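Numbering (the numbering used here), first residue to last: 1 to 323. For every residue, glycine included, the Cβ atom is placed at its ideal position computed from N, Cα and C. Computed from a predicted model, the values in this text were never measured in an experiment. Comments concern the structure below.
See the structure below:
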């Protein structure tokens, strides 16, 4: 009877909806802090009388890179215990392809992530709407204008990404950039969560993933803004479209919107395949045993090194595997 009461009280929280709520909130936290730091660097600090000398030029980029790194860390800590804190469709897809994550959950997770990203962008806009409007007024920017002296790409960039001007109308460079950045993200996430490969403890892994994102921003960020996450870009892009940026957001200059979606999905799969080929399969061939199986009731586990771990939920939370 007690068990039935617990089940009744749990309701939707014990179903897939509970996992989706975690993905929504985790991604909401990610975008709130991530887009928030960009709003600080672009529109707020230079008008607030604070930090003009400290955060200037390349300093703004460091502020943004480390702000996004912390944003990822916080999002993972929020959602990791429930869903594994994917927070990124590229990670969800890679886990489905290579770690037995249920394919039936890929689309629901993706939609929850996009919804959380949309909500996070809305919060940032609400909080910084006066700073953004002032920045546009001072710079002669017309929101929604694409090209010309009143171009609004600068303020749109608070929410989503755009390619560097040196790419012109070309797609290949930004697409390759997104593939490379996301390849490194997923490759390192798989390394951090591989119980055969000296994984960090669950309470430190989210921090390391945040450092990985900061490093990608510092090393690969200038070309296309290192979206490396379809939800991170499309959710805020969709919000910006509704908030007045119009064609600057969707479809974007030269229909750019699809690059931060397709590139990360390809890159995530590449990272998963590369890690498994060069590391995971080598560890299995050498007889490496997952750390969680080293002891079972005081006895050394006599289990197959490949099949002994249930990786249907992979997250940086080590009991699953973050994405």
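CB contact flag (residue i, residue j, <8 Å)
i	j	result
residue 20	residue 108	yes
residue 271	residue 207	no
residue 179	residue 252	no
residue 37	residue 64	yes
residue 187	residue 77	no
residue 265	residue 93	yes
residue 121	residue 159	yes
residue 114	residue 234	yes
residue 245	residue 143	yes
residue 288	residue 196	yes
residue 125	residue 284	no
residue 224	residue 165	no
residue 181	residue 218	no
residue 123	residue 259	no
residue 119	residue 28	yes
residue 236	residue 35	yes
residue 75	residue 30	yes
Distance between beta carbons of residue j and residue i, contact taken as under 8 Å
i	j	result
residue 116	residue 23	7 Å
residue 249	residue 156	6 Å
residue 214	residue 68	7 Å
residue 131	residue 47	6 Å
residue 220	residue 177	7 Å
residue 89	residue 73	Not really, about 19 Å apart at Cβ, beyond 8 Å.
residue 87	residue 26	5 Å
residue 43	residue 128	6 Å
residue 33	residue 85	Residue 33 to residue 85, Cβ: 14 Å. No contact.
Where residue i sits in the DSSP three-state scheme
i	result
residue 166	helix
residue 211	helix
residue 194	coil
residue 239	helix
residue 244	helix
residue 161	coil
residue 18	helix
residue 219	helix
residue 142	coil
residue 132	helix
residue 101	coil
residue 286	coil
residue 77	helix
residue 227	coil
residue 32	helix
residue 155	helix
residue 89	helix
residue 180	helix
Residue i burial status per 10 Å Cβ neighbour count (16 or more: buried)
i	result
residue 41	buried
residue 286	exposed
residue 149	exposed
residue 198	exposed
residue 304	Unreliable placement is indicated for residue 304, whose pLDDT of 34 sits below 50; the coordinate value is still reported in the next sentence. It counts as exposed.
residue 105	buried
residue 229	buried
residue 226	buried
residue 222	exposed
residue 282	exposed
residue 268	buried
residue 140	exposed
residue 14	exposed
residue 102	exposed
residue 300	Confidence at residue 300 is low in this model, with a pLDDT of 32, below 50, so the placement of that residue should be treated as unreliable; the coordinate-derived value is given next. So residue 300 counts as exposed.
The ligand FMN heavy atom lying under 7 Å from the CB of residue i
i	result
residue 276	Of ligands this structure carries none, so the ligand FMN is not represented either.
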